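Residue numbers for the sequence shown follow our numbering, so the first one is 1298 and each next one is one higher.
Idealized CB from N, CA, C, for every residue including glycine.
Since the model is a prediction, treat every value here as computed from it, not as a measurement.
Here the structure comes first, spelled out in structure tokens, and everything after it is commentary.
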Amino acid sequence: MKKIFVIPIFLKKLTIAKFLSHFVLSSVLLFLFLLLWLNSDDLNTLITPKTKSMQVNCDLQAPPHHCLIETTLGPLEITTSSEILSLVPFKIQLKTPVDALSSAKIRFEGFDDYMGINQFRFSQDTIRSWTADGSIPICTTKSKTWKVIVSLYNGTNYQSYWFKMKTK
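So this is what it looks like as structure tokens:
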């Protein structure tokens, strides 16, 4: 029995030079895409090694919108100027007693359901003071419980602390 191969018409006109040019162009575009993707914060959040995050008590919603967390790097003070509300921009400030951080992030996750990636990087104001600007999405219910995760980095040392927060 004779085997017959059917070659699509676009492959009949494909030359080695055309194939190589398409292959190189596709490879370059794929490389650029991966490079940009790997440098995005969202991907870093997904591929960061999962370490146990320690639950702490912190009520930022009650006046004076301040709490103190004991960490292995020393006490960490977290402050907001007012109650955090959905869709309203806010500032959060971190203060440490010593120059203990190389970077820090704060992430708001829906406690009972998925609310997207709401992560904000702190920028250093002074040696011991860091500030992050953020805004969280609104929920279809009147109130929302969030899991707030504060990630602290000091060189290769990584620590994570979390607390519940309810918004209106």
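Item	Value
Give me the residue from N1454, P1372, L1357 with the minimum Cα distance to S1378.	L1357
Would you kindly report the start and end of the unbroken beta strand (DSSP E) that includes V1447?	1441-1451
For the beta strand (DSSP E) containing S1400, name the first residue and the last one.	1400-1407
Roughly how many angstroms lie between the CA atoms of I1446 and G1413, to the nearest whole one?	14 Å
So what's I1313 in DSSP terms, helix, strand or just coil?	helix
Spell out a yes or no on whether the stretch 1326-1334 and the stretch 1421-1428 are touching, meaning 3 or more CB-CB pairs, one atom from each, closer than 8 Å.	no
Which value, in whole angstroms, describes the spacing of the CA atoms of A1397 and P1360?	27 Å
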